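Residue numbers (our numbering): 2 to 340.
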């Protein structure tokens with residue numbers, strides 16, 4: 002057997018995948034896949050969400066576009082063991098509650114270099130790449146401290162099997178924009194498994210600085226582990242405006258501004274470095290291990306409708322890029338409907 006198969010990268014990737022499966026198995030023991038799909042099929046309420054990402058000002062480079070569809074099945078609220086009393090609408094204390102939601106997701110992410118007209122490999126730029134996936138997620142929110150935990154397991158395909166090249170070329174043909182000539186040099190095919198864990202922690206500060214308008218500040222964290230992405234995100238979320246509890250989705254009437262500042266520790270990014278198990282990509286790059294990550298957005302919730310419009314700012318993960326705090330912008334639009 003080729004000893005290079007047991008390279009440190011592959012060993013770490015295998016450990017990350019095994020840890021992902023173990024985490025999901027631990028979560029599933031209490032409910033099982035039958036329980037997961039039972040909750041998915043017999044929920045009291047559902048939400049369909051569309052998420053669209055695109056690079057700002059149509060610069061068409063790096064993370065150039067992404068689309069994601071989610072179907073969420075809301076769970077029924079139940080008593081939280083050991084939770085603090087939760088103030089009701091009239092100020093009367095009630096028991097702390099927990100709501101556990103489950104859902105399905107699918108998405109496509111498209112990555113391109115800045116020079117689309119070049120048919121040859123553009124050294125000193127990022128490689129073309131596409132990531133197509135389907136996923137299962139579970140999310141738990143609490144009424145007493147407005148915290149949230151979410152896990153997701155995605156199974157997908159990196160490379161030409163994602164279809165990103167055909168979609169990107171077709172879209173540019175339809176819009177009469179520059180035809181991308183270099184997709185033949187994209188990252189080679191690899192089946193991927195990625196585990197996600199996200200947490201919103203209890204608020205560090207909150208208040209009402211002016212009549213009818215609220216403010217809060219809370220730390221957030223996120224982890225991706227698998228053979229496509231290995232990253233740790235840490236940050237602070239600040240919100241200002243008319244803010245209701247995250248927990249209260251049925252009667253949501255929110256209108257606020259959101260700002261998030263943070264950073265990303267990068268362990269592996271197969272859209273830059275190529276697949277861990279398929280090392281045949283024609284061109285790959287190295288990584289920076291820490292980059293800035295932030296966003297500014299507006300959020301509106303009214304009855305069954307929810308909308309989000311924001312701008313995300315990030316540093317470049319490519320090791321040959323200058324050390325600029327912000328190297329890339331993209332906007333994100335979300336629209337959700339509960340039914």
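In this text, a Cβ means the ideal position worked out from N, Cα and C, and glycines have one as well.
All values derive from a computational prediction rather than experimental measurement.
Of 193, 189, 131, 139, the smallest CA-CA separation from residue 163 is found for 131. Assigned with DSSP and collapsed to three states, residue 331 falls in strand.
Excluding sequence positions up to five before and after residue 261, its CB lies within less than 6 Å of the CB of 236, 238, 295, 296, all in the same chain and listed in chain order. Within the DSSP bridge table, the entry for residue 154 names 137, 196 as partners. Along the segment 240 to 284, the beta strand (DSSP E) occurs as fully enclosed runs of 3 or more residues at 254 to 270, listed in sequence order.
Between residue 54 and residue 331, the gap from beta carbon to beta carbon is short of 7 Å. DSSP places residue 339 in the strand class (E or B) of the three-state scheme.
Contact annotation, residue 208 with residue 189: C-beta distance approximately 53 Å; criterion of less than 8 Å not satisfied.
By the CB criterion at 7 Å, residue 78 and residue 47 fall outside the cutoff. Around the CB of residue 312, fewer than 16 other CB atoms lie within 10 Å, so the residue is classed as exposed.
Taking residue 336 as the centre and dropping the five residues before and after it, the same chain places the C-beta of 51, 308 closer than 6 Å to its C-beta, in chain order.
Between the segment 193 to 204 and the segment 138 to 152 there are three or more inter-stretch CB-CB distances shorter than 8 Å, so the stretches are counted as touching. Pairwise C-beta distances place the segment 132 to 139 in contact with the segment 103 to 110, as three or more of them are shorter than 8 Å. Under the DSSP assignment, residue 167 falls in the alpha helix (DSSP H) whose first and last residues are 165 to 176. For residue 228, the three-state secondary structure derived from DSSP is coil. Residue 301 carries a strand assignment under DSSP once its states are collapsed to helix, strand and coil. A direct Cα-Cα distance of roughly 7 Å separates residue 80 from residue 96. Residues of the same chain with a CB within less than 7 Å of the CB of residue 116, apart from the 5 flanking positions on each side, are 123, 126 in chain order. Look at residue 288 here: in three-state DSSP terms it is strand. In this structure residue 177 is exposed. Its beta-carbon is surrounded by fewer than 16 other beta-carbon atoms within 10 angstroms. C-alpha of residue 338 to C-alpha of residue 259: approximately 20 Å in a straight line. Remark: C-beta atoms of residue 182 and residue 120 approach each other more closely than 7 Å. In the three-state reduction of the DSSP assignment, residue 209 falls in the strand class. In this structure, the CA atom of residue 284 is about 14 Å from the CA atom of residue 277. Buried is the label assigned to residue 65, since at least 16 other Cβ atoms lie within 10 Å of its Cβ. In the DSSP assignment, residue 79 is bridged to 99. For residue 130, the secondary structure class from DSSP, reduced to helix, strand or coil, is strand.
Under the three-state reduction of DSSP, residue 161 is assigned to helix. In the displayed model, residue 40 falls within a helix according to three-state DSSP.
A Cβ-Cβ separation of about 6 Å places residue 320 in contact with residue 288 under the 8 Å criterion.
By the CB criterion at 7 Å, residue 205 and residue 218 fall inside the cutoff. Going by DSSP, residue 306 is part of the beta strand (DSSP E) stretching over 306 to 315.
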